[in-house]
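Step one of this worksheet: look at the structure below.
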Amino acid sequence: MATGLATLWSAPFNDDVVSQLLLGERVLVEEVRPDGWARVVAVEQPAARLDPRGYPGWLPATQLAYGSSPSPRTSWTR
């Protein structure tokens, strides 16, 4: 994910939020539509009844970061 927090929707242009994704969370991109929506599977979120690979849903494609991962944490707050 390219943003700190991304909302995963049940369908494009729908009000039904199904999950949220955190920065750096891996997704499998299944489709990117011309209208800017991407159908993804959140592989780090189990959802065996919906999809054995992870939690399926839709998000704006602009929130994806292809082939990248977040920088390693170099400091911690106590």
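Convert by adding 3 to the 1-based position in the sequence shown; the result is the number in our numbering. Even for Gly, the Cβ is constructed at its ideal location relative to N, Cα and C.
Endpoints, beta strand (DSSP E) assigned at residue i
i          : result
residue 10 : 8 to 12
residue 23 : 20 to 25
residue 53 : Careful: residue 53 lies outside any beta strand (DSSP E) and carries neither H nor E.
Euclidean distance between Cα positions of residue i and residue j
i          : j          : result
residue 18 : residue 29 : 23 Å
residue 52 : residue 62 : 21 Å
residue 26 : residue 68 : 10 Å
Cβ shell of residue i (< 6 Å), same chain only, five flanking positions each side left out
i          : result
residue 33 : 42
residue 65 : none
Contacts around residue i, its chain only, beta-carbon distance under 8 Å, and the 5 residues preceding and following it disregarded
i          : result
residue 23 : 8, 9, 10 and 11
DSSP three-state assignment for residue i, whether helix, strand or coil
i          : result
residue 64 : helix
residue 46 : coil
residue 59 : strand
residue 34 : strand
Cβ-based neighbour list, residue i, same chain, cut-off 7 Å, excluding 5 preceding and 5 following
i          : result
residue 93 : Residue 93 falls outside the range modelled here, since the chain spans only 4 to 81, and no answer is possible.
residue 35 : 41 and 64
Buried or exposed by the 16-neighbour rule on C-beta atoms within 10 Å, applied to residue i
i          : result
residue 39 : exposed
residue 59 : buried
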